Amino acid sequence: MPEYESIKLVIEEGVATLTLNRPDRLNAVTPASFDEFRDALTQLVPGGARALVITGEGRGFCAGADLAGRTFDGGSPGDASRRSLQEHFNPGMLALAELDIPVVTAVNGAAAGIGCSLALAGDLIVAGRSAYFLQAFVNIGLVPDGGATWIIPKAIGIPAAMEAMLLGERIAAVRALELGMINRCVDDSQVLEEAQALASRLAAGPTVAMGQIRKLVRKAQDLTLADAMAAEAEAQKICGDTEDFREGAVAFMQKRKPEFKGR
Numbered sequence: 268m269p270e271y272e273s274i275k276l277v278i279e280e281g282v283a284t285l286t287l288n289r290p291d292r293l294n295a296v297t298p299a300s301f302d303e304f305r306d307a308l309t310q311l312v313p314g315g316a317r318a319l320v321i322t323g324e325g326r327g328f329c330a331g332a333d334l335a336g337r338t339f340d341g342g343s344p345g346d347a348s349r350r351s352l353q354e355h356f357n358p359g360m361l362a363l364a365e366l367d368i369p370v371v372t373a374v375n376g377a378a379a380g381i382g383c384s385l386a387l388a389g390d391l392i393v394a395g396r397s398a399y400f401l402q403a404f405v406n407i408g409l410v411p412d413g414g415a416t417w418i419i420p421k422a423i424g425i426p427a428a429m430e431a432m433l434l435g436e437r438i439a440a441v442r443a444l445e446l447g448m449i450n451r452c453v454d455d456s457q458v459l460e461e462a463q464a465l466a467s468r469l470a471a472g473p474t475v476a477m478g479q480i481r482k483l484v485r486k487a488q489d490l491t492l493a494d495a496m497a498a499e500a501e502a503q504k505i506c507g508d509t510e511d512f513r514e515g516a517v518a519f520m521q522k523r524k525p526e527f528k529g530r
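In this note's numbering, the protein residues as written are 268 to 530.
In structure tokens form, the structure reads like this:
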């Protein structure tokens with residue numbers, strides 16, 4: 268497993284735990300640290316991971332992009348921002364969306380800016396009671412990024428998303444649960460434990476089918492009903508040829524619990 272400067276990656280019993288590891292900066296991300304994040308994603312399936320947990324070290328999940336010490340390489344600030352997104356942050360977020368295994372995010376403390384986008388990119392989202400979600404871009408004259416304008420309206424609807432983005436105010440974890448933005452709100456001390464328990468359950472499941480489900484659901488939001496059903500049919504063909512489907516079918520007939528292998 269590669270050694271990283273700004274993240275930690277551990278794979279145990281089919282569950283990968285990827286920890287943003289810049290606690291002195293509340294795990295604020297840089298282009299370089301997000302390149303590490305993207306590289307780590309390529310290590311998961313070869314390393315035997317069948318589910319992924321993403322969390323942050325210390326008292327925050329991710330405070331967004333690290334603006335301290337930022338340089339613009341002779342270009343304008345706007346040009347630099349666009350390049351950072353196009354060359355570093357966007358590829359990382361797209362790689363996460365295209366993963367073939369389910370993702371659980373364990374949100375401790377602040378999830379702000381692109382950190383909010385990353386937290387909400389989980390298929391299942393567990394947050395501590397003191398956690399909050401913040402789209403603060405408007406407060407410094409910028410627009411949401413990291414896929415926020417796609418992710419958040421689909422999670423909570425346009426009115427609530429507009430309020431979050433135009434007012435730039437915190438959404439507490441309890442309120443996020445009420446809005447349907449997250450799946451679980453637990454005591455702070457239980458966040459990672461709860462997330463890893465969910466990931467362990469997912470890792471014991473039919474991995475190919477779960478990978479197809481996470482992609483189908485997200486992509487279907489932009490498809491017609493006919494196109495969504497066509498995509499389901501193609502995914503069903505893929506899943507129908509797996510060992511896990513054969514095991515599931517036999518276990519059903521034998522009235523026993525299936526033993527999925529992720530193949």
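Here a beta-carbon is modelled for each residue, glycine too, at the ideal position from N, C-alpha and C. All values reported here derive from a predicted model rather than from experimental measurement.
Tell me whether the region 272–289 and the region 309–322 touch, counting them as touching only if at least three CB pairs, one residue from each stretch, are closer than 8 Å.
yes
In this structure, what does DSSP give as the bridge partners for Thr284?
Val277 and Val320
Is it buried or exposed for Met360, if we count other Cβ within 10 angstroms and need 16 for buried?
buried
I'd like to check one pair, Arg305 with Pro358: are the Cβ atoms closer than 8 Å?
yes
Let me confirm a value: Pro369 is counted as buried when at least 16 other C-beta atoms fall within 10 Å, else exposed. Which label applies?
buried
Can you tell me where the alpha helix (DSSP H) holding Phe400 begins and where it ends?
Note, Phe400: premise wrong, no alpha helix (DSSP H); beta strand (DSSP E) at Tyr399 to Leu401.
Express the C-alpha separation of Ala476 and Tyr399 in angstroms, rounding to a whole number.
32 Å
So who's on the other strand from Thr372, going by DSSP bridges?
Ile321 and Ile392
Min CB distance Ala283 to chain C below 8 Å:
Given the protein chain composition of this structure (a single chain), no chain C is represented.
What are the residues that DSSP puts in a beta bridge with Ile438?
Phe400
Check each candidate in Asp390, Ala464 and Gly447 and name the one with the smallest Cα separation from Gln479.
Asp390
Distance, Cα to Cα, Glu460 vs Ala394?
11 Å
Alpha carbon to alpha carbon, how far is Asp291 from Ile418? Give it in angstroms, no decimals.
28 Å
Could you name the residues of the same chain whose beta carbon sits closer than 6 Å to that of Arg289, not counting the 5 residues immediately before and after it, in chain order?
Ser273
Alpha-carbon to alpha-carbon, Ala335 and Ala502
44 Å
Beta-carbon within less than 6 Å of Phe404's beta-carbon, same chain only, minus the 5 sequence neighbours each way: which residues are those?
Val410 and Pro411
Over what stretch of residues does the beta strand (DSSP E) that includes Ala545 continue unbroken?
Nothing can be reported for residue 545, as the shown portion of the chain is limited to 268 through 530.
Going by C-alpha to C-alpha distance, which of Asp454, Gly414 and Thr322 sits closest to Arg485?
Gly414
Can you give, in chain order, each stretch of the beta strand (DSSP E) that sits fully within the region 401–486 and has at least 3 residues?
451–453
Roughly how many angstroms separate the alpha carbons of Ser456 and Ser343, rounded to a whole number?
43 Å
I'd like to check one pair, Ile392 with Ile449: are the Cβ atoms closer than 8 Å?
yes
Closest Cα partner of Glu510 within the set Asp494, Ala495, Met496 and Phe527
Phe527
Take Arg481 and list the residues in its own chain whose beta-carbon comes closer than 8 Å to its own, dropping the five residues that flank it on each side.
Leu366, Pro369, Val370 and Asp390
Is the distance from the Cβ of Leu446 to the Cβ of Ala462 below 8 Å?
no
Alpha helix (DSSP H) containing Gln310: first to last residue?
Pro298 to Gln310
Roughly how many angstroms lie between the CA atoms of Glu499 and Gln488, to the nearest whole one?
13 Å
Give me the Cα-Cα distance between Pro298 and Leu444, rounded to the nearest whole angstrom.
31 Å
Same chain, Cβ closer than 8 Å to Gly435, five either side skipped, listed in chain order
Leu401, Gln402, Ala403, Phe404, Val405 and Asn406
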